[in-house]
Structures are given as structure tokens and as C-alpha cells.
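Have a look at the structure below, then the notes.
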């Protein structure tokens, strides 16, 4: 989709306004500087508003940086303060509403894979496979004869997701991202059966 062109503010209109206000070109210089500064601020405000909205909806800094054509770190350095939203402190009780879009997509992919294979539960091994650890496939549960529309998380997977909240909180993040789930999967705080080596 082509971006909509803004026609309200043009160079010709700005020049005409300055010329009408100041017949002497020397007097226009100061006002031209003020107008340019104002337009820069409006542009910054526009970007900050859109990024704040995106963060509030769970869009990760990685995707925001990609859309801006810069790295995740560059986007955060420029806009992290402006993008702070009034969110409650992270807690596992908040559920999936505090997962980023990428993290929710990963969990949905894991659930769908478990459903298609007719697995009785979404396990920590299934989460690991979804995150890109093929060696975890050996630990997937055997399929069942029954197809479920909604495959529940087993106790191990629930512990991994709770641990992901703890990792995000320790990192002072405002959302749980894929990287937090990955760290939780490899964490020594999970049981040996749940932990998945990421090396």
C-alpha cells in the first residue's frame, strides 16, 4: 500500500507565509529557524506516538527497528524513554497479554504443531522445537488417538512460561519476548527434563 501523501504543509506555503510576515529577507531567517525546529519536533512527536502505540500492543523493539531501517539497539536508544507506557509490573498472573507479538506467535505455532500431531499436551520440548532447537524433537510426547481443538500446556511448559516472566522481570523488560522464553528453556532453575540446552 502506497503511503498517503501529506499536502497541508509545503515549502511554497511556508515561504509565502514568511514573505508575508517579513518583507525584509533578513528578518525571515530567525522565523525560518523556528519553523524548521517546530517541524522537526512535530516529526519526532509523530514517530514517538506511533512507536509508543506499537509497544503498548506488544510489538518488539526488533521489529520496530526493522521497520525504521535501524538496529534494535538504535531504535531503543532513540525512542525507549518516549515509548514507556503505563503498564503494571510484570507478573505471571497477567498471562499472554504481556507477551510480545513474536512470543505469542511462537506459542501459537507450538500449540498448532502439537494439535496437528495429536500430542496430549504442549510440552517444554514442543516449545523448544518451535523456538528452533531440533534436538528437542526426541523428547516430544507420543501422539494420541484423540484430536483436541485446544491442547493444554503440561506442568513443565507452564513452569517454563512462568520462568520466562522471571527472566523478563530480571531484565527490567515490560513484555515477555521470545528471548526470555529461550532463556527460560535453558535455565538451570527448571527441572532437567524441562531444561533444553541452547549451546
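In the numbering used here, the protein residues as written are 195 to 393. The beta carbon of each residue, even a glycine, is placed where N, CA and C say it ideally should be.
ask   = Whose CA, out of 299, 346 and 381, lies closest to the CA of residue 361?
value = Of the candidates 299, 346 and 381, the one whose C-alpha sits nearest the C-alpha of residue 361 is 381.
ask   = Using DSSP with H/G/I as helix, E/B as strand and the rest coil, what is residue 293?
value = Strand, per DSSP.
ask   = Mind checking whether residue 334 and residue 353 have CB atoms under 8 angstroms apart?
value = The answer is no: Cβ separation not under 8 angstroms.
query = Does the Cβ-Cβ distance between residue 375 and residue 351 come in under 8 angstroms?
reply = Not closer than 8 angstroms, so no.
Residue 241 versus residue 253 - alpha carbon distance = CA-to-CA, the gap between residue 241 and residue 253 works out to about 15 angstroms.
request  = Would you mind stating whether residue 309 and residue 264 have Cβ atoms separated by less than 8 angstroms?
outcome  = No, the Cβ-Cβ distance between residue 309 and residue 264 is not below 8 angstroms.
query = Could you give the uninterrupted runs of the alpha helix (DSSP H) lying entirely in the segment 238-268, keeping only those of 4 residues or more?
reply = Counting only runs of 4 or more, we get 255-262.
message = Taking 8 angstroms as the limit between beta carbons, can you name the residues of its chain near residue 229, skipping five residues before and five after?
response = Same-chain partners within the cutoff: 208 and 212.
request  = Give the DSSP bridge partners of residue 370, in chain order.
outcome  = Beta-bridge pairing by DSSP links residue 370 to 293.
inquiry  = Report the CB separation of residue 297 from residue 370 in whole angstroms; it is logged as a contact under 8 angstroms.
reply    = The C-beta distance from residue 297 to residue 370 rounds to 6 angstroms, short enough to meet the 8 angstroms contact threshold.
ask   = Does the beta-carbon distance from residue 215 to residue 206 come in below 8 angstroms?
value = In this structure, residue 215 lies away from residue 206, with their beta-carbon atoms at least 8 angstroms apart.
key: As assigned by DSSP and simplified to three states, the class of residue 219   = DSSP, read as helix, strand or coil, puts residue 219 in helix.
ask   = Is it buried or exposed for residue 293, if we count other Cβ within 10 angstroms and need 16 for buried?
value = Taking a 10 Å sphere around the C-beta of residue 293, we find 16 or more other C-beta atoms and assign the residue as buried.
query = Who are the near neighbours of residue 255 in its chain, counting only those whose CB is closer than 7 angstroms to its CB and skipping five residues on each side?
reply = Here the set comprises 266, 269 and 270.
ask   = With a CB to CB cut of under 6 angstroms and the five nearest residues on each side skipped, what residues in its chain are close to residue 378?
value = Closer than 6 angstroms at Cβ, skipping near neighbours: 354, 357, 358 and 361.
key: C-beta atoms of residue 181 and residue 284 nearer than 8 angstroms   = Not covered by the structure: residue 181. The range shown for the chain is 195 to 393.
task = Would you tell me roughly how many angstroms separate the C-alpha atoms of residue 341 and residue 312, rounded to the nearest one?
result = Going from the Cα of residue 341 to the Cα of residue 312 covers about 5 angstroms.
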